[in-house]
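Once you know that position 67 of the sequence shown is 197 in this note's numbering, the rest is easy, because the numbers rise by one and skip nothing. Each residue gets a CB set at the ideal place from its N, CA and C atoms; glycine is no exception. Below you'll find the structure, written out as structure tokens, and then a few comments.
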Amino acid sequence: MEEISFARAIEFSTGQKRQHMTAKPTITFAKLSAPRKGSAILLLADDLAPSATGHACDIANQLERSFAVSGFKGAFGSSMELLAPENSPLDRLTALGVGKLDTLNEHSWLRLGGAAAATFRGRGDVTIIAELNDQPVSAAQAAAIGAGILLRSYSFDKYKTRAGEEEDAGKDSARRLTIACAEPAAAKRAFAELLPVVEGVWLARDLVNEPANTLGPIEFAAAAKALETLGLVVEVLTERELKKLGMGALLGVGQGSSRPSRVVVLRWNGGKAKDKPVALIGKGVVFDTGGNSMKTPGGMEEMKGDMGGAAAVVGAMRAIAGRKAKANVVGIIGVVENMVDGNAQRPGDIVKSMSGQTIEVMNTDAEGRLVLADVLWYCQQRFQPRLMIDLATLTGAIMVSLGQFHAGLFSNDDELSGQLIAAGLATHERLWRMPMGDDYDKLINSKNADMKNVGGRYGGAVSAAQFLQRFVKDIPWAHLDIAGTAMAAPSSEINQSWGTGFGVRLLDRFVRDTCEGA
Ligand code: BES
Ligand code: MN
Ligand code: ZN
Numbered sequence: 131m132e133e134i135s136f137a138r139a140i141e142f143s144t145g146q147k148r149q150h151m152t153a154k155p156t157i158t159f160a161k162l163s164a165p166r167k168g169s170a171i172l173l174l175a176d177d178l179a180p181s182a183t184g185h186a187c188d189i190a191n192q193l194e195r196s197f198a199v200s201g202f203k204g205a206f207g208s209s210m211e212l213l214a215p216e217n218s219p220l221d222r223l224t225a226l227g228v229g230k231l232d233t234l235n236e237h238s239w240l241r242l243g244g245a246a247a248a249t250f251r252g253r254g255d256v257t258i259i260a261e262l263n264d265q266p267v268s269a270a271q272a273a274a275i276g277a278g279i280l281l282r283s284y285s286f287d288k289y290k291t292r293a294g295e296e297e298d299a300g301k302d303s304a305r306r307l308t309i310a311c312a313e314p315a316a317a318k319r320a321f322a323e324l325l326p327v328v329e330g331v332w333l334a335r336d337l338v339n340e341p342a343n344t345l346g347p348i349e350f351a352a353a354a355k356a357l358e359t360l361g362l363v364v365e366v367l368t369e370r371e372l373k374k375l376g377m378g379a380l381l382g383v384g385q386g387s388s389r390p391s392r393v394v395v396l397r398w399n400g401g402k403a404k405d406k407p408v409a410l411i412g413k414g415v416v417f418d419t420g421g422n423s424m425k426t427p428g429g430m431e432e433m434k435g436d437m438g439g440a441a442a443v444v445g446a447m448r449a450i451a452g453r454k455a456k457a458n459v460v461g462i463i464g465v466v467e468n469m470v471d472g473n474a475q476r477p478g479d480i481v482k483s484m485s486g487q488t489i490e491v492m493n494t495d496a497e498g499r500l501v502l503a504d505v506l507w508y509c510q511q512r513f514q515p516r517l518m519i520d521l522a523t524l525t526g527a528i529m530v531s532l533g534q535f536h537a538g539l540f541s542n543d544d545e546l547s548g549q550l551i552a553a554g555l556a557t558h559e560r561l562w563r564m565p566m567g568d569d570y571d572k573l574i575n576s577k578n579a580d581m582k583n584v585g586g587r588y589g590g591a592v593s594a595a596q597f598l599q600r601f602v603k604d605i606p607w608a609h610l611d612i613a614g615t616a617m618a619a620p621s622s623e624i625n626q627s628w629g630t631g632f633g634v635r636l637l638d639r640f641v642r643d644t645c646e647g648a
């Protein structure tokens, strides 16, 4: 089975295919002026006063009446449409609510871009007038509107062969978009910095959405390898090498699959040669049946997304390389498939991890921690990173604890935790810190080996984190349990996709704020 074709994986990682499917809108930045054709979008705060350029569209009277008739009050993200307004060359004028100005934050501008994209109809050019009554829209804010439009425009339609309503809507996004703002040149520069991050999010969403029959460990590794065109150094370790390294925990998970396991190392050396790297580590279970401790059928198809941590790491590396970050970053993913088979691991099996510690596998469905144990150890042995952050769709228990609006943060370091929480607030990929401690750690002591891979009935996300910590030396480390946020989260202004790409913007932001410019 080693010779599965890589073509598709490379295709979706380079985005070549996507361009034929859902064409992405082209976005340009221009000076403020009243557009003479197509559609225009006006931003209106809750005072409903159109900006100077809005007034120049000669529709102020009509707007006022329409607001009254429609009940539009300028609430954030709400919109109202005027078709073929009188005395105006425009086909359409859309009022987009911005709400109360003093409640806007950094994330609001991405959301506004997404909300604007949701109003696009038909074909034709659209001009967004990025100007508020007397509040200038900064270059960074105008750029964020553009990025929000792109994040919103993502759709996973490569397997739809018939044109349906959805596909028509997708085609509609192949349009020319102009963002008219006070400082177009600066906005264009800021947008160019955001574009690689958007592409990283798209890549992560593509990987999470891709079904497991076409995305096995080999194809996943090939998708990562394709990023070498951006200047990343990418190594793919095969099972022979993993065996030599002693990764018995990781290999035990993959041994029931006909598709061999992989570990992929992606390196970006944009910092000073002497600086130790920051390490990003991802769980990449391409499909999780639970193994012999098998899952029930309801919703099992969602386990194609059990590589959301690895997808976030690969997406973040794409973003970091794409914008040529001034930092040394290493991304390492463990990519395996957890299947049921005559050769699959059994409950009660004892495996030896690369660290030398032995693990009694009480439940073959607690597989992610087994994969991460070896990848964490390998990372520290080889790279002596300055800190490690792992991302994993690790437990259903974190969804019980936090729902789908925060990922769980577990860490041995207060400073790192604070930095990650701040990056989460800035990007709206929010984290909530969870407790750890000796009493939780004891839950995974085993009678027959150094530890077992499950704790008791309660606090399942915490005992999973304690397990990981047994493979962390004395360096700052954080574990993000993204089981609730990587997929199937409620859609938002900037995401309509099942695979969310959660973690890419967060990690990119963390690297930008804490590793660069020093
Ligand atoms: N991949 C799952 C966790 C998961 C569940 C992710 C739902 C996303 C959505 C993980 O491998 C798993 O099966 N965890 C078990 C652990 C248990 C056996 C201790 C769980 O959470 O039930
Ligand atoms: Mn599992
Ligand atoms: Zn899993």
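Contacts around residue i, its chain only, beta-carbon distance under 8 Å, and the 5 residues preceding and following it disregarded
i      : result
Gln192 : Leu212, Pro215, Glu216
Gly586 : Leu573, Ser593
CB of residue i within 8 Å of CB of residue j, strictly
i      : j      : result
Glu81  : Ala269 : Coverage of the chain is limited to positions 131 through 648, which leaves residue 81 absent and any answer about it impossible.
Arg516 : Val408 : yes
Gly204 : Asp176 : yes
Gly438 : Met529 : no
Leu410 : Gly461 : yes
Lys406 : Glu646 : no
Pro155 : Ile309 : no
Ala260 : Cys187 : no
Gly414 : Ile489 : no
Arg499 : Leu333 : no
Met484 : Leu375 : yes
Gly420 : Thr523 : no
Ala503 : Ala591 : no
Gly276 : Phe206 : no
Ala379 : Val481 : yes
Ser627 : Asn399 : no
Glu282 : Ala247 : At residue 282 the sequence reads Arg, which differs from the Glu that was named. Their beta carbons are under 8 Å apart, which means Arg282 touches Ala247 by this criterion.
Residue i burial status per 10 Å Cβ neighbour count (16 or more: buried)
i      : result
Asp611 : buried
Arg166 : exposed
Ser501 : With the sequence shown as reference, residue 501 is identified as Val, and Ser is not the correct amino acid for it. The residue is buried, with at least 16 neighbouring Cβ atoms inside 10 Å.
Thr426 : exposed
Val199 : exposed
Tyr101 : With the chain running from 131 to 648 in the structure shown, residue 101 is simply not present.
His453 : Checking the sequence, you will find Arg at residue 453 rather than His. That one is buried.
Asp643 : exposed
Val363 : exposed
Gly300 : Since pLDDT at Gly300 reaches only 49, below the 50 mark, its modelled position is unreliable, and the value read off the structure follows with that caveat. With 16 or more other Cβ atoms within 10 Å, it is buried.
Arg305 : buried
Glu623 : buried
Arg292 : exposed
Ser621 : exposed
Gly346 : buried
Gln349 : Here residue 349 turns out to be Glu, not Gln, going by the sequence shown. It counts as buried.
Gln510 : buried
Tyr284 : buried
Presumed contact (8 Å Cβ cut-off) between residue i and residue j, rounded CB distance
i      : j      : result
Asn583 : Val491 : 5 Å
Leu337 : Val444 : 7 Å
Gly435 : Gly633 : So it is not a contact: roughly 13 Å between Cβ atoms.
Leu262 : Leu173 : 6 Å
Gln599 : Ala474 : Not quite, the Cβ-Cβ distance comes to about 27 Å (not below 8 Å), so this is no contact.
Gly227 : Gly168 : With a Cβ gap of about 21 Å, Gly227 and Gly168 do not count as contacting.
6 Å Cβ shell around residue i - same chain, five flanking residues per side excluded
i      : result
Trp562 : Leu532, His536
Glu497 : Val383, Asn468
Met433 : Phe417, Asp418
Phe540 : Met564, Met566, Ala595, His609
Thr224 : Ile171, Ser209, Glu211, Thr249
Ala179 : Asn263
Ser387 : Glu467, Met469
Ala95  : Within the shown structure, residues of the chain are numbered from 131 to 648, placing residue 95 beyond reach of any answer.
For residue i: DSSP bridge partner residues
i      : result
Leu212 : Leu223
Asn625 : Ser622
Phe540 : His609
Val466 : Val415
Leu410 : Gly461, Ile519
Gly229 : Ala175
Cys187 : Cys187 pairs with nothing; no bridge assigned.
Lys161 : Cys311
Val328 : Per DSSP, none; premise fails for Val328.
Glu365 : Val395
Neighbour flag for residue i against chain C, beta carbons, 8 Å
i      : result
Glu323 : Of the protein chains in this structure there is only one, and it is not chain C.
Cβ neighbours of residue i in the same chain (closer than 7 Å, five flanking residues each side left out)
i      : result
Asp571 : Gln596
Val657 : Since the first residue shown for the chain is 131 and the last is 648, residue 657 is missing from the structure and cannot be characterised.
Leu636 : Ala553, Gly554, Thr557, Glu559
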